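**Student:** First the structure, then my questions, so here it is.
4 protein chains.
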Amino acid sequence: MEKINVALIGQGFMGRSHSNAWGQVRRFFAVPMMPVMHTVFGQEAENPQLFAENWGWQHAATDWEAVVRSPEIGLVDVVTPNYAHAPVARAALAAGKHVACEKPIAGTLADAREMVEAAESAGVQTFVWFNYRRCPAVALAHQLVESGRLGDIRHVRAQYLQDWADESIPLWWRFDKSLAGSGAHGDLNAHIIDMTRFVTGQEITEICGAIAETFIKQRAIASGMAGGGLAEGGGDTATMGEVTVDDTVLFLARFSGGAVASFEAARQATGNQNRNGFEINGTKGSVKFDFERMNELEYYDATLPRAVQGWNTIMCTHGGAFPDGHPYVENWWPDAHVIGYEHGFTNQAYDILRVLAGQPPTVPIPDFNDAYQTQRVLEASLLAAEQRRWVHLEEVK
Amino acid sequence: MEKINVALIGQGFMGRSHSNAWGQVRRFFAVPMMPVMHTVFGQEAENPQLFAENWGWQHAATDWEAVVRSPEIGLVDVVTPNYAHAPVARAALAAGKHVACEKPIAGTLADAREMVEAAESAGVQTFVWFNYRRCPAVALAHQLVESGRLGDIRHVRAQYLQDWADESIPLWWRFDKSLAGSGAHGDLNAHIIDMTRFVTGQEITEICGAIAETFIKQRAIASGMAGGGLAEGGGDTATMGEVTVDDTVLFLARFSGGAVASFEAARQATGNQNRNGFEINGTKGSVKFDFERMNELEYYDATLPRAVQGWNTIMCTHGGAFPDGHPYVENWWPDAHVIGYEHGFTNQAYDILRVLAGQPPTVPIPDFNDAYQTQRVLEASLLAAEQRRWVHLEEVK
Amino acid sequence: MEKINVALIGQGFMGRSHSNAWGQVRRFFAVPMMPVMHTVFGQEAENPQLFAENWGWQHAATDWEAVVRSPEIGLVDVVTPNYAHAPVARAALAAGKHVACEKPIAGTLADAREMVEAAESAGVQTFVWFNYRRCPAVALAHQLVESGRLGDIRHVRAQYLQDWADESIPLWWRFDKSLAGSGAHGDLNAHIIDMTRFVTGQEITEICGAIAETFIKQRAIASGMAGGGLAEGGGDTATMGEVTVDDTVLFLARFSGGAVASFEAARQATGNQNRNGFEINGTKGSVKFDFERMNELEYYDATLPRAVQGWNTIMCTHGGAFPDGHPYVENWWPDAHVIGYEHGFTNQAYDILRVLAGQPPTVPIPDFNDAYQTQRVLEASLLAAEQRRWVHLEEVK
Amino acid sequence: MEKINVALIGQGFMGRSHSNAWGQVRRFFAVPMMPVMHTVFGQEAENPQLFAENWGWQHAATDWEAVVRSPEIGLVDVVTPNYAHAPVARAALAAGKHVACEKPIAGTLADAREMVEAAESAGVQTFVWFNYRRCPAVALAHQLVESGRLGDIRHVRAQYLQDWADESIPLWWRFDKSLAGSGAHGDLNAHIIDMTRFVTGQEITEICGAIAETFIKQRAIASGMAGGGLAEGGGDTATMGEVTVDDTVLFLARFSGGAVASFEAARQATGNQNRNGFEINGTKGSVKFDFERMNELEYYDATLPRAVQGWNTIMCTHGGAFPDGHPYVENWWPDAHVIGYEHGFTNQAYDILRVLAGQPPTVPIPDFNDAYQTQRVLEASLLAAEQRRWVHLEEVK
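The listed protein sequences correspond, in order, to chains X, V, C and L. Heads up, the final residue of the first sequence is numbered 1174 in my numbering, and it's a clean run with no missing numbers. Heads up, the final residue of the second sequence is numbered 1174 in my numbering, and it's a clean run with no missing numbers. Heads up, the final residue of the third sequence is numbered 1174 in my numbering, and it's a clean run with no missing numbers. Heads up, the final residue of the fourth sequence is numbered 1174 in my numbering, and it's a clean run with no missing numbers.
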């Protein structure tokens, strides 16, 4: 079987998720191309050697530019903080590598645009890790809409609510605009913009109002700001720093097919640890998803006899091609032996390998250009919040 | 329109429920016969005159025997404590009145048998207020089974769990075997035996094990033990009395169609205030009901394409005949303007009037003989608990 | 006991709800003033005599102006289509009557303003039937916020979603701007604006974007457009008429305490028959409500030990004063013997009688001025949608 | 760090689960002893070499007796069909190896007793893979009971319901008594007996009635009956074979502390793919668990103010020691980034390593003697079903 050497640029929370995916995919899936966990890059202080040993990377490196240029490497996987996506991806593309980049595609729209252009001239495959598309329940929602079961889409509601960011959390890269680009917006709204575009198969055409708010404007400066895990507790409160990103962003929008939509991302929505979800109402049916119950999709079929219409809680764990089963799960466990968070990444690793092997992915997978459309929506909604008006997507290119 | 004069024998919690039903039914339903709230009986101490004024009964009386014999009265409605069901019903039947009796039909099986025999010789209509049959969701479950949508029934699970009876509750009639017949068993198991017989359309043929337990064996004797409301708090703890009924009864059983079944009634199942429900699994589908969400029925349709099978939460509030809607609710409010506990009684009052007017009830309504079958199951399961063995229903007649 | 004669102006769906409330309140509550169902007004074609007999009104009338001026009448209850609220209320106020008016207070802001002014000069009591405040679960949410259990409010999300208005529904008064004022906006957003103002104890200060949409722009003209029930089916499709109100309105907003908020009303949100709800996140806790499970409130207490924090589904059926129980329900049934839609109206009738008797209501009850603040939010959000910009509430008076 | 060489005896579904656990544990946990995936045994036809390569075992072997005697091996992990647990375990014990055995401990009680005796004389560590104890939610339930938060336990209800075994499923080892010992009983009831013993900290003392039923008495004989995965579809219906195990077993029981209990295992409970759960009611609180939502525990705290009592849905994903967080999950992902089925095995692998390194497990882990107590309950309940009477556990040793 053909092999491909993968290089991981970065560590942290996403570094763990991606490493796990590259390790697990060949055990659970009949991969069409064998991924080799070749090299992981980390800064000296991050001890990439230890990371490599733990996760099974063959090599560790502290010079990312050498890694992405290495003739050994076939695929560069980028999990740095957002500001570094563009330089790493562009160097990898310049070296002719396939690139898989963690979401959002970039910290700024300009960066994203340049990445798209670089990808076009490089003529390689690009991928962005919008992992939630690969929850079987979300993929099923896409299949239901695509099959016509929802009819015309009229309403989209999407929320990604977390509650970890109270006053006790010190400054780290996610609160710094120069490193993260934005706060809850790029971190969370990016996901629900991508998911609703994916499920509806439509583009957002207009932002019809938006609010961006930073409830906690100063935070304690902690010692180790770098790194991707949640830096909890601690923080020398004698030294406070400015939070330069949002805590929450809400916006209203229109989809290309005429649906009205609302979006909200929040980091202080008490009680919602990871409520990443949507509800979509069509003329023939509706779907609802909440990641906290990620194995379930709720589906209302308005074409059934009225007496038995209702919200149908589908346990999306029966393997098989639509409409006989649910995507990905035949590779995991028997019915209702549920899967978890990291499985979406493994599912995506599988589809990346399919694309690299010339096969269609199980469901559509975003490339740089696709993720750039999501980035435009992020930008347009911030503009709408600043200028207190509607913003057409044509204004933001 | 033809009228019928109703007499209510008793007050208390059930007296309120029935009075409300007789008052509301003509406002919300197109009744085929007009019920006139003629006379309510109460003991002197209960002040039946005040009760009558409050609920709209034209007359109050303290001599029940005169009431049930009165030529004015067409229907006698019995809501006394259980031990008094038999004498009142038999007197009413002897006087040629139709009789509607609160459940369980009687405090003892012997009483129940005599009531059945008296009803047969009287040649009138009898009814037992198993009100939960008339929750639209329960009636829909019956319709689904009857229409064949569940296939062959294999499993029945039923529970009626409450938690009001901790140590602070003093002795009152419900804890006294001579007045109540039994504890949770007759109070709660009676309902779920009736409901599962109704929904499956089958009889219970054998008891395959049972436990009856009284966790709290002594309780404070409160001043006013009579009456039907929950006598809360108080209680002179200096004077304790014996509890002579069960707190909880569990039993296993077989239905005539071969299904296996489990039942449980409890008064100290912390967290379950009124969890009166069942789950029934058939070869083609399943249903689940929990009274605490009484407007909902969960239905699993195993004949749908596998990708969209799931537990379908049906909001049973769309009026119409099966399968276009749900029974009773077109008389109430628009979709999802939910109904409550007392509406089941009003729905039953409507069906009683239909039967008295010669029309079929919306769904089958239990008469004395039907309720006697439930009583036999109550008796057989207590016998199984006492003798620590299986008991066939043929042993209990 | 003091009595008060009530006149009901109008019939239809709300006429039934109010009639039921006036009839039931004295049976279930220890009222401090006895309501007498004196006169119901209806147009000749509506047969008010039949309505009166059914619901227990002593008199029927077809001249509303005579009714509201009658010296017999103490309280005028207005359930006409929205456009008629103002003339009826003003006439009643001019005659010195107390007035209870169905929501929204009026079809236009100008009408509402005049009603407020008329009420101020009349010096009587006014009430608006925002009935959902009187669901025990919603009242409990208010009590939780008021007691400080939620801390500072940061997020408000409110939705009132229905799905009855597909193409098959013909034109009737709710689709006609001159009669209804607006569509889903005044019908549904009015409720969630009122509820969130009530629960948070704060005012909305700014609209930060809004969308108003009419998906179905023409509908068949049915024969009987008047009346308040849902005119279903039928409709001579040869004759189509313009829909002049919205199907859906979404808006973003700010509360006076700094919280960000989103609102949505919809009539074609498939699968949501009456999903009238909100979620409110504070720094110490959160609450969630969905009318389709109206007896339940979800409460997240972030001050508990972390291991046992979670969304707590409170069955709001235990009578008692906060924090020992839930408002209103001690007048109904035992724990978890759930109540339904119409009970909110009966609870409000009770509180109206309390206010008229000089006692405080169980929880705050909206008068004309309070309802006018809700009307201003309705107006400001429509303006924001038309002008595609933020609108400060100060612009709308 | 000390290392231990592990040998896996068997493949199939459990072979995958255990292999995954041994591979993942060192990546996600700070293990106190390093597990080395040394050798996997499989029959020639199972191609153990391919299995070894896929899952990362260093060696493959087809002679299990040589493997368990090999001086290289420190821990023997047994995942064969049930009938083979005893011979493999006894050989491993005789060779002085630690043994971890898949549940149930054995196919017969006699086998189990011999395994316990062999373990006692060997003086090594033994473990049984009752993996569900290591779902964080189940472990939290144990901690809540142990901390006294539930008070005295009065009611236990446990069900393990599946629905995969309809007529289309051919004969395989799970339907053959000589290979499996029993059907749903040993496969499913074993888990809920173990879980409720674990959570309550009590033993079952008496069986108070039981039913064992085989709904489908004949099945098609498929070609490959060996192996552990679900053999789906196919089956030459011309050749039918006898099913010699149960489809469903229900029983009632008593716990040593006086609680009453009901248990049910089923393979044809339509709509329940893997509903493995329990509800336990105590005098101060209750807990509820359903594996299909394995990250959640429902907890009712009856010591809270009555107004805020309710079923609290705890998302058991916040790392930390009780009562500050939930066991195991700090090694996985951030809050509400949920885990799945196989994580319970990895959590158990971690605790096995802790015990082998002389540290206490996170929560109690069953050894052979502990699992033997569960086996006695399985045996006693079958006896109760056969003899149609109560059976005291003392009868079964």
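For glycine and all other residues, C-beta sits at the position ideal for the given N, C-alpha and C. From a predicted model like this one, the values you see are computed outputs, not experimental measurements.
Can you find a CB in chain C that lies within less than 8 Å of the CB of residue 792 (chain X)?
**Tutor:** In the first sequence, residue 792 (chain X) corresponds to position 15, counting from 1. By this cut-off, residue 792 (chain X) is not an interface position.
**Student:** Between residue 1084 (chain X) and chain V, is any beta-carbon pair separated by less than 8 Å?
**Tutor:** Looking up residue 1084 (chain X) in the first sequence gives position 307. With 8 Å as the cut-off, residue 1084 (chain X) counts as an interface residue toward chain V.
**Student:** Mapping the DSSP letters down to three states, classify residue 1063 (chain V) as helix, strand or coil.
**Tutor:** Taking the second sequence and counting its residues from 1, one reaches residue 1063 (chain V) at position 286. Strand, per DSSP.
**Student:** Contact check, residue 977 (chain L) vs residue 1057 (chain L) under 8 Å by CB: the rounded distance?
**Tutor:** Within the fourth sequence, residue 977 (chain L) is the residue found at index 200, counting from 1. Within the fourth sequence, residue 1057 (chain L) is the residue found at index 280, counting from 1. Confirmed, Cβ separation roughly 7 Å.
**Student:** Can you say whether residue 1171 (chain V) is buried or exposed, counting buried as having 16 or more other CB atoms within 10 angstroms of its CB?
**Tutor:** Numbered from 1 along the second sequence, position 394 holds the residue referred to as residue 1171 (chain V). Exposed, because fewer than 16 other Cβ atoms sit within 10 Å of the Cβ of residue 1171 (chain V).
**Student:** Could you give the distance in angstroms between the alpha-carbon of residue 879 (chain V) and the alpha-carbon of residue 938 (chain V)?
**Tutor:** Within the second sequence, numbered from 1, the residue matching residue 879 (chain V) stands at position 102. Within the second sequence, numbered from 1, the residue matching residue 938 (chain V) stands at position 161. If I take the Cα positions, the gap works out to 20 Å.
**Student:** Just list the residues that DSSP pairs residue 955 (chain L) with in beta bridges.
**Tutor:** The sequence position of residue 955 (chain L) within the fourth sequence is 178, counting from 1. The partner list for residue 955 (chain L) (beta bridge, DSSP) is empty, contrary to what the question assumes.
**Student:** Just how far apart, CA to CA, sit residue 903 (chain X) and residue 833 (chain X)?
**Tutor:** Position 126 of the first sequence, counted from the start, is the residue given in the question as residue 903 (chain X). Position 56 of the first sequence, counted from the start, is the residue given in the question as residue 833 (chain X). Taking the straight line from one Cα to the other gives about 24 Å.
**Student:** Note down, in chain order, each residue of its chain lying with its Cβ closer than 6 Å to the Cβ of residue 1128 (chain C), except the 5 sequence neighbours on either side.
**Tutor:** Stepping through the third sequence from its first residue, residue 1128 (chain C) is reached at position 351. Counting only Cβ-Cβ distances below 6 Å, and skipping sequence neighbours, we find 1138, 1139 and 1142.
**Student:** Measuring straight from C-alpha to C-alpha, what distance separates residue 1018 (chain C) and residue 925 (chain X)?
**Tutor:** As a working note, residue 1018 (chain C) is residue 241 in the third sequence. As a working note, residue 925 (chain X) is residue 148 in the first sequence. Residue 1018 (chain C) and residue 925 (chain X): Cα-Cα distance of roughly 30 Å.
**Student:** Looking at the structure shown, is residue 1169 (chain L) part of a helix, part of a strand, or coil, going by DSSP?
**Tutor:** Within the fourth sequence, residue 1169 (chain L) is the residue found at index 392, counting from 1. Looking at residue 1169 (chain L) - three-state DSSP - the assignment turns out to be strand.
**Student:** What residues in the stretch 1086-1104 of chain X have a beta carbon less than 8 Å from any beta carbon of chain V?
**Tutor:** The residues in question are 1086, 1087, 1088, 1089, 1090, 1091, 1092, 1095, 1097, 1099, 1100, 1101, 1102 and 1103.
**Student:** Where does residue 898 (chain L) land, buried or exposed, given buried means 16+ other C-beta within 10 angstroms?
**Tutor:** One-based indexing of the fourth sequence puts residue 898 (chain L) at position 121. Label assigned to residue 898 (chain L): exposed.
**Student:** Would you say residue 1167 (chain X) faces chain C, with C-beta separation under 8 Å as the test?
**Tutor:** Residue numbering aside, residue 1167 (chain X) sits at position 390 when the first sequence is read from its first letter. Yes, residue 1167 (chain X) lies at the interface with chain C (some Cβ there is under 8 Å from its Cβ).
**Student:** Measuring only between beta-carbons, confirm whether residue 988 (chain V) sits less than 8 Å from chain L.
**Tutor:** On the second sequence, residue 988 (chain V) is found 211 positions in, with the first residue counted as 1. For residue 988 (chain V), the answer is yes, since a Cβ of chain L falls inside 8 Å of its Cβ.
**Student:** Within 8 Å of any Cβ in chain C, is that where the Cβ of residue 1058 (chain X) sits?
**Tutor:** For the purposes of this step, residue 1058 (chain X) is identified with residue 281 of the first sequence, where counting begins at 1. Yes, residue 1058 (chain X) counts as interfacial toward chain C.
**Student:** Can you tell me the Cα-Cα spacing of residue 1132 (chain V) and residue 1159 (chain V), whole angstroms?
**Tutor:** The residue labelled residue 1132 (chain V) in the question sits at position 355 within the second sequence. The residue labelled residue 1159 (chain V) in the question sits at position 382 within the second sequence. Residue 1132 (chain V) and residue 1159 (chain V): Cα-Cα distance of roughly 34 Å.
**Student:** What did DSSP end up calling residue 1158 (chain L) once you bin it into helix, strand or coil?
**Tutor:** As a first step, residue 1158 (chain L) is located in the fourth sequence; it is residue number 381 there, counting from the start. If DSSP states are grouped into helix, strand and coil, residue 1158 (chain L) belongs with the helices.
**Student:** Once DSSP output is grouped into helix, strand and coil, what is the label at residue 825 (chain L)?
**Tutor:** On the fourth sequence, position 48 is the one that residue 825 (chain L) refers to. Looking at residue 825 (chain L) - three-state DSSP - the assignment turns out to be helix.
**Student:** Determine, using beta carbons only, whether residue 859 (chain X) and residue 958 (chain X) come nearer to each other than 8 Å.
**Tutor:** By one-based count along the first sequence, residue 859 (chain X) stands at place 82. By one-based count along the first sequence, residue 958 (chain X) stands at place 181. Going by C-beta atoms, residue 859 (chain X) is nearer than 8 Å to residue 958 (chain X).
**Student:** Distance, Cα to Cα, residue 901 (chain X) vs residue 1021 (chain X)?
**Tutor:** Mapped onto the first sequence, residue 901 (chain X) falls at position 124. Mapped onto the first sequence, residue 1021 (chain X) falls at position 244. Roughly 36 Å between the two C-alpha positions.
**Student:** Examine chain X for any beta-carbon lying closer than 8 Å to the beta-carbon of residue 1011 (chain C), and answer yes or no.
**Tutor:** On the third sequence, residue 1011 (chain C) is found 234 positions in, with the first residue counted as 1. Unreliable positioning characterises residue 1011 (chain C) in this predicted model, as indicated by a pLDDT of 44, which lies under 50. A coordinate reading is not provided.
**Student:** Less than 8 Å between the CB atoms is what I'm expecting for residue 1036 (chain V) and residue 932 (chain V), so what's the real figure, rounded?
**Tutor:** What you label residue 1036 (chain V) is simply residue 259 of the second sequence in a count that begins at 1. What you label residue 932 (chain V) is simply residue 155 of the second sequence in a count that begins at 1. Confirmed, about 6 Å.
**Student:** Quick check on residue 1033 (chain L) - is its C-beta less than 8 Å from some C-beta in chain V?
**Tutor:** The count along the fourth sequence starts at 1 and reaches residue 1033 (chain L) at position 256. For residue 1033 (chain L), the answer is no, since every Cβ of chain V falls outside 8 Å of its Cβ.
**Student:** Within this structure, are the beta carbons of residue 1042 (chain V) and residue 966 (chain V) separated by less than 8 Å?
**Tutor:** Numbered from 1 along the second sequence, position 265 holds the residue referred to as residue 1042 (chain V). Numbered from 1 along the second sequence, position 189 holds the residue referred to as residue 966 (chain V). In contact: residue 1042 (chain V) and residue 966 (chain V) (Cβ atoms closer than 8 Å).
**Student:** Can you pull the chain V neighbours of residue 1178 (chain X), defined as C-beta to C-beta under 8 Å?
**Tutor:** Outside the shown range of chain X, which is 778 to 1174, sits residue 1178 (chain X), and nothing can be said about it.
**Student:** I want to know whether the stretch 867-878 of chain L touches the stretch 846-856 of chain L - three or more CB-CB distances under 8 Å.
**Tutor:** With the cut-off at 8 Å, the stretch 867-878 of chain L and the stretch 846-856 of chain L touch.
**Student:** Are any of the Cβ atoms in chain L nearer than 8 Å to that of residue 860 (chain C)?
**Tutor:** As a position in the third sequence, residue 860 (chain C) is number 83, starting the count at 1. Answer no: the Cβ-Cβ gap between residue 860 (chain C) and chain L never drops below 8 Å.
**Student:** Using 8 Å as the limit for Cβ to Cβ distance, is residue 952 (chain X) near chain C?
**Tutor:** Position 175 of the first sequence, counted from the start, is the residue given in the question as residue 952 (chain X). False, the Cβ-Cβ gap to chain C never drops below 8 Å.
**Student:** So residue 924 (chain V) contacts chain L; which residues on that side make the cut at Cβ distance below 7 Å?
**Tutor:** Position 147 of the second sequence, counted from the first residue, corresponds to residue 924 (chain V). None at all; the shortest Cβ gap to chain L is about 16 Å.
**Student:** Does the Cβ-Cβ distance between residue 972 (chain C) and residue 1026 (chain C) come in under 8 Å?
**Tutor:** Within the third sequence, the letter at position 195 stands for residue 972 (chain C). Within the third sequence, the letter at position 249 stands for residue 1026 (chain C). Going by C-beta atoms, residue 972 (chain C) is not nearer than 8 Å to residue 1026 (chain C).
**Student:** Would you verify that the beta carbon of residue 1071 (chain X) is, or is not, closer than 8 Å to some beta carbon of chain L?
**Tutor:** Reading the first sequence from its first residue, position 294 is the one you call residue 1071 (chain X). Yes, its Cβ sits closer than 8 Å to a Cβ of chain L.
**Student:** Consult DSSP for residue 1024 (chain L) and reduce its assignment to one of helix, strand or coil.
**Tutor:** Taking the first residue of the fourth sequence as 1, we reach residue 1024 (chain L) at position 247. DSSP places residue 1024 (chain L) in coil when its eight states are reduced to three.
**Student:** Does residue 1045 (chain X) come within less than 8 Å of chain C when only Cβ atoms are used?
**Tutor:** Indexing the first sequence from 1 puts residue 1045 (chain X) at position 268. Output row for residue 1045 (chain X): interface = yes.
**Student:** Please look up how many angstroms separate the CB atoms of residue 1112 (chain V) and residue 1050 (chain C), rounded, as I've assumed it's under 8 Å.
**Tutor:** Reading the second sequence from its first residue, position 335 is the one you call residue 1112 (chain V). Reading the third sequence from its first residue, position 273 is the one you call residue 1050 (chain C). Contact flag correct, Cβ pair sits at about 4 Å.
**Student:** According to the neighbour-count rule (16 or more other Cβ atoms, all chains shown, within 10 Å of its Cβ), is residue 1082 (chain X) buried or exposed?
**Tutor:** Here residue 1082 (chain X) refers to the residue found at position 305 when the first sequence is read from its first residue. Residue 1082 (chain X) comes out exposed.
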